[in-house]
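Chemist: Quick note: the sequence shown uses full-length UniProt numbering, first residue 1, plus one each step.
Idealized CB from N, CA, C, for every residue including glycine.
From a predicted model like this one, the values you see are computed outputs, not experimental measurements.
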Amino acid sequence: MSQYDLIGASYNVVENLPYRAVEKYNVYMAIKPLLKPGTSVIEFACGTGFYSSHILTWGAAYVTGMDISPAMLESATNRLPSQVASGTARFVVGDGTMSTSFAPDDSYGHFDLAFGAWFLNYAPSKEKLIAMFESISLNLKSGGVFVGVVPHPTDDLAKRAEDYKNASLNQFFPRNEYLDELDSGDGWRLRVFLSNDGVDFMTWHMKKSVYEEAARLGGMKGKLEWRRETLGREVQREQFGLTADEWQVRVANPHCGILLVWKD
């Protein structure tokens, strides 16, 4: 049983956080230009189907969502019953660290685009991260692209861990608690809190350079670029309940970054 089987639909609490509007805006800006007519999408760690639903709305022809948690997938199926019935959405149990096809016909190289919001951060080591990219590459067509949401990309994680002791960054959710550095030096263990009611989970924040190296070793050989989190015009500091000074601290310490990397 995964930690997300225990959380289940409670994870939907994140959808009501002001931060979620920030994240969705950044995902939209990255992924919308890539959704051409007929685009097929595989979503890794799809959770309760939040982004699967939006990806279809934004223009994908169909989406396959995979997740290791049956409880999450049940929520995703309940979110999109008509799309599941029509075949434009399907949800399957799977492990994104395994070299497995998630195509409807079990073929390799099936999807035009792969997406993963908070997928790569579940790799506790560089080796597992490479395995994730291998799975991504195996499922993408030649010319396909992966779009991923990860913790803010930086190689100075010790500084970030120290910065997140700042009270201004702990007044709203998600809250990050950096626990300790991995023995390998590749990243840090990180616990993320979504509420005061016990909705939290264990994850890992790898260095920016480790993500880049793992992508190449995992078979993603094309263009690679990072998009810095932008807060968007529609997101105001009042939504977070922060003073002007506290808002500047938030702006200087992005929660996430967007990774785009092409297969070839």
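Keeping to the same chain, check which residues put their C-beta closer than 7 Å to that of Leu80; ignore five residues upstream and five downstream.
Modeler: Gly49, Ser52, Ser53, Ala89
Chemist: Please report the Cβ distance between Ala30 and Ile258, rounded to the nearest whole angstrom; I am assuming they are in contact, meaning their Cβ atoms lie under 8 Å.
Modeler: 5 Å
Chemist: Spatial neighbours of Val150 within its chain, please: CB distance less than 7 Å, with the 5 preceding and 5 following residues excluded, ordered by chain position.
Modeler: Excluding sequence neighbours, Val150 sits near Leu120, Asn121, Tyr211, Cys256, Gly257, Leu259.
Chemist: Sort out for me which residues DSSP pairs Leu224 with in a bridge.
Modeler: Val261
Chemist: Would you give the residue range spanned by the alpha helix (DSSP H) that Pro70 belongs to?
Modeler: 70-79
Chemist: Hey, would you say Leu217 sits closer than 8 Å to Ile130, going by beta carbons?
Modeler: It is a contact, given that the beta carbons lie within the stated cut-off.
Chemist: What distance in whole Å lies between the Cβ atoms of Trp204 and Pro153, which are believed to be in contact at a cut-off of 8 Å?
Modeler: In fact, because the Cβ distance is near 14 Å, the residues do not count as touching under 8 Å.
Chemist: DSSP three-state label for Asp112, please.
Modeler: strand
Chemist: Going by DSSP, which residues form a beta bridge with Glu43?
Modeler: Gly65, Phe115
Chemist: Would you mind sorting Thr243 into buried or exposed? The rule is 16 or more other CB atoms within 10 Å of its CB.
Modeler: exposed
Chemist: Can you list, in chain order, the residues of its chain with a C-beta nearer than 7 Å to that of Ala117? Leave out the 5 residues immediately preceding and following it.
Modeler: Closer than 7 Å at the Cβ level, and outside the excluded window around Ala117, lie Val27, Tyr51, Val149.
Chemist: Quick test of your reading: Ala114 and Met206, contact by CB under 8 Å. State the CB separation rounded to the nearest angstrom.
Modeler: In fact, because the Cβ distance is near 18 Å, the residues do not count as touching under 8 Å.
Chemist: Specify the secondary structure class of Ala85 as computed by DSSP and reduced to three states.
Modeler: helix
Chemist: Checking the sheet assignment: what are the DSSP bridge partners for Arg216?
Modeler: BP columns for Arg216 are empty, so no partner.
Chemist: When you compare each of Tyr25, Lys36, Ile68, Pro37 to Glu43 by their alpha carbons, which one comes out closest?
Modeler: If we check each option's Cα against that of Glu43, Ile68 comes out closest.
Chemist: Which word fits Lys223, buried or exposed, when buried means at least 16 other C-beta atoms lie within 10 angstroms of its C-beta?
Modeler: Exposed, since its Cβ has fewer than 16 Cβ neighbours within 10 Å.
Chemist: Grouping DSSP H, G and I as helix and E and B as strand, with all else coil, what is Arg250?
Modeler: DSSP places Arg250 in helix when its eight states are reduced to three.
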